[in-house]
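Number of protein chains: 2
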Amino acid sequence: MQQKHTPYRHLFEAARYALLSGGKRLRPVLTMFMTEMLGGDVEATLVPACAVEMIHTYSMIHDDLPCMDDDGVRRGKPTLHVVYDEAHAVLTGDFLLTLAFQVISEEKNLTLEQRIQMIQVLSKASAAHGLIGGQVVDLLDGSKNLEDLKHLHLNKTGALFRAAAEIGAIAADATEQERQHIHYFGETLGLAYQVLNDILDVSASQELRGTEVSSDVKNGKVTYVTLLGIEKAQKEFDQLMASCLDILTKLPGDHALLEQYLQNIHS
Amino acid sequence: MQQKHTPYRHLFEAARYALLSGGKRLRPVLTMFMTEMLGGDVEATLVPACAVEMIHTYSMIHDDLPCMDDDGVRRGKPTLHVVYDEAHAVLTGDFLLTLAFQVISEEKNLTLEQRIQMIQVLSKASAAHGLIGGQVVDLLDGSKNLEDLKHLHLNKTGALFRAAAEIGAIAADATEQERQHIHYFGETLGLAYQVLNDILDVSASQELRGTEVSSDVKNGKVTYVTLLGIEKAQKEFDQLMASCLDILTKLPGDHALLEQYLQNIHS
């Protein structure tokens, strides 16, 4: 009987490799800080925060596949399809996507209403008008203008930051009006983070990375930097971060943690 | 603005192509017949039944990929990665998997409790100890004995039949004891269906398919027929179907629809 469980262990190993490869955890931390700020039960939000990270990790595993962005390195380590193979990378991504919804649905520290709302927010952010739609547009590429690029990143990056923030708000039973501010906060933060990444892709590859160039640069993709130049891209980032700080002032609670989070997003 | 929606339409087209390619709908029909038999609201079960079919379709899209079973034909039509490309096949599968949980979470004809229970059952059946685990074991293949094969099919095929049946039971607020019988009914039916497929793969490829041989046969996979021979495999199928009919007698309601369903599973 023991032999039979080996394949699952293989799957779990692959999932762990991808999940625990040392990312910044920006999305789950956002979920938990949002709950904390709004006075909710932070412990009850640990599992949904992990679910957000599972969705993020699954989307990276699939985006890195040879048939997509064809990235061989992620966070300084070989990507999953390099370490295992393509089949296991597809399946491990599928597994993490599925598990995200399972763990939220089983979280007994949340009410049924909270669990359903979180699954609604997370599935919407992950589907056609979110992560997956963003990736479809990204694959088409071609000649993009700034509006197209913003639209793309609001889906591909903004949607999951927005979901992360909203899930934190749901755990704290935020009001409808608070939810609207938080929705906009997460979306704006996600966009800012993408602009920052576009800047770091260029500056880091010049200063630090040596031969290791990001796939966007390698594939000649349109970015904020190629469209605006690095100086205007930096200005765009500053404006988006100022908007985030502005939205925070409309929300109750102690903003210190989230202000610190915003300040540290560069590092 | 209209131009921007084109990519989504592309995604929706691909999802429709895969979903509406004329399968037998055995799983969603099982969900609805189960609800009907137990006296539940069949209309409320339409959306979760579709969600089950979305999960089934996603798993076929990903299983057919070149890095998995590498199937070019499904239900007599070119598979999704042949019509579109591999990237769209991965993303369309991801989309259907995500959408399945979204539509259940948004179904207002179901109580919060029913929605959460359905998401629990469906995500569990789709994850490591279900569809995905089954596919991982299938990829490893090698020398399987009958027990290994049964274990594989209980995950890869049995899990989703079991979930389909249980979701129908949840919609009808079945008792815990009824749920246990229905769990076993779905699992046994799924196994029977897999044995039947193994038989048809051989007999249909001889009599009907001409050059079109199933990927299991093509890839020299271990099946019930290669292990038992066609006659004993047929006997195994008959026994499993007899078990299904036997379990039905332990359940309340009018069994006529499900008995008919079992009789027609060959066609």
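Protein chains in written order, with the numbering used here: chain A, 51 to 317; chain B, 51 to 317. Cβ atoms here follow ideal geometry from the backbone N, Cα and C, with glycine treated the same way.
- CA-to-CA, the gap between A/L295 and A/D91 works out to about 24 Å.
- Cβ proximity to chain B below 8 Å picks out L147, T148, L149, F151, Q152, S155, E156, L162, E163, R165, I166, I169, Q170, S173, K174, S176, A177, A178 and H179 from the stretch 146-179 of chain A.
- By alpha-carbon distance to B/L61, the top candidate from B/D188, B/D251 and B/E136 is B/E136.
- The continuous alpha helix (DSSP H) containing A/Y108 extends over residues L96 to D113.
- If you look at B/G218, you'll find it in the alpha helix (DSSP H) that goes A209 to A221.
- Counting the other CB atoms within 10 Å of its CB gives B/Q185 a total of 16 or more, which places it among the buried residues.
- Here the stretch 112-122 of chain A does not lie against the stretch 231-250 of chain A, with fewer than 3 beta-carbon pairs under 8 Å apart.
- B/E216 sits close to B/G236, with the two beta carbons spaced by under 8 Å.
- Taking C-beta atoms as the reference points, B/E281 and B/L298 fail to come closer than 8 Å.
- In summary, the residues of the stretch 62-82 of chain A whose CB is separated from some CB of chain B by less than 8 Å are F62, in the order they occur in the chain.
- In the structure shown, A/V245 adopts helical secondary structure according to DSSP, grouped into three states.
- When Cβ-Cβ separations below 8 Å define contact, A/H203 makes no contact with chain B.
- Secondary-structure assignment with DSSP links A/V123 through a beta bridge to A/P128.
- Where B/E157 is concerned, there is no enclosing alpha helix (DSSP H), because DSSP gives it neither an H nor an E.
- In this structure the stretch 216-231 of chain B does not touch the stretch 196-203 of chain B; the number of beta carbon pairs closer than 8 Å is below three.
- Of all residues in the stretch 112-141 of chain A, those with a C-beta nearer than 9 Å to a C-beta of chain B are H112, L115, P116, C117, M118, H131, D135, E136, A137, H138, A139, V140 and L141, reading in chain order.
- The three-state secondary structure of A/Y134, taken from DSSP, is coil.
- Here the stretch 205-214 of chain A makes no contact with the stretch 126-140 of chain A; the two share fewer than three CB pairs at distances below 8 Å.
- The Cβ of A/Y234 sits no closer than 8 Å to any Cβ of chain B.
- Close CB contacts of B/M291 within its chain, under the 7 Å cut and outside five residues either way in sequence, are with A242 and L312 (chain order).
- The residue among A/A219, A/L199 and A/L307 with its C-alpha nearest the C-alpha of A/V275 is A/L199.
- Taken atom to atom, the span from the alpha-carbon of B/I166 to that of A/F145 is near 19 Å.
- Between B/G183 and chain A, the shortest Cβ-Cβ separation is below 8 Å.
- Identification of chain B residues near A/L277 by a Cβ-Cβ cut-off of 7 Å yields none; the smallest Cβ-Cβ distance measures about 17 Å.
- Taking the Cα of A/D304 as reference, the smallest distance to any Cα among A/F83, A/T148, A/L147 and A/F287 is reached at A/F83.
- For chain B, none of the residues of the stretch 207-239 of chain A brings a beta carbon within less than 9 Å of one of its beta carbons.
- What A/L189 touches in chain B, judged by beta-carbon distance under 7 Å, is A137, going in chain order.
- What A/V186 touches in chain B, judged by beta-carbon distance under 8 Å, is P57, Y58, H60, L61, H138 and L141, going in chain order.
- Put simply, the backbone Cα of B/G218 is about 46 Å away from that of A/L307.
- In the three-state reduction of the DSSP assignment, A/L88 falls in the coil class, being assigned neither a helical nor a strand state.
- Just measuring C-alpha positions, the residue of A/H233, A/A214 and A/S293 sitting nearest A/A150 is A/A214.
- In chain order, R125 and K127 place their CB closer than 6 Å to the CB of B/S71, counting only its own chain and leaving out the 5 sequence neighbours on each side.
- The Cβ atoms of A/S173 and B/Q170 lie no closer than 8 Å to each other.
- Non-local beta-carbon contacts of B/V97 in its own chain, meaning distances under 6 Å to residues more than five positions away in sequence, involve V153 and E157 in chain order.
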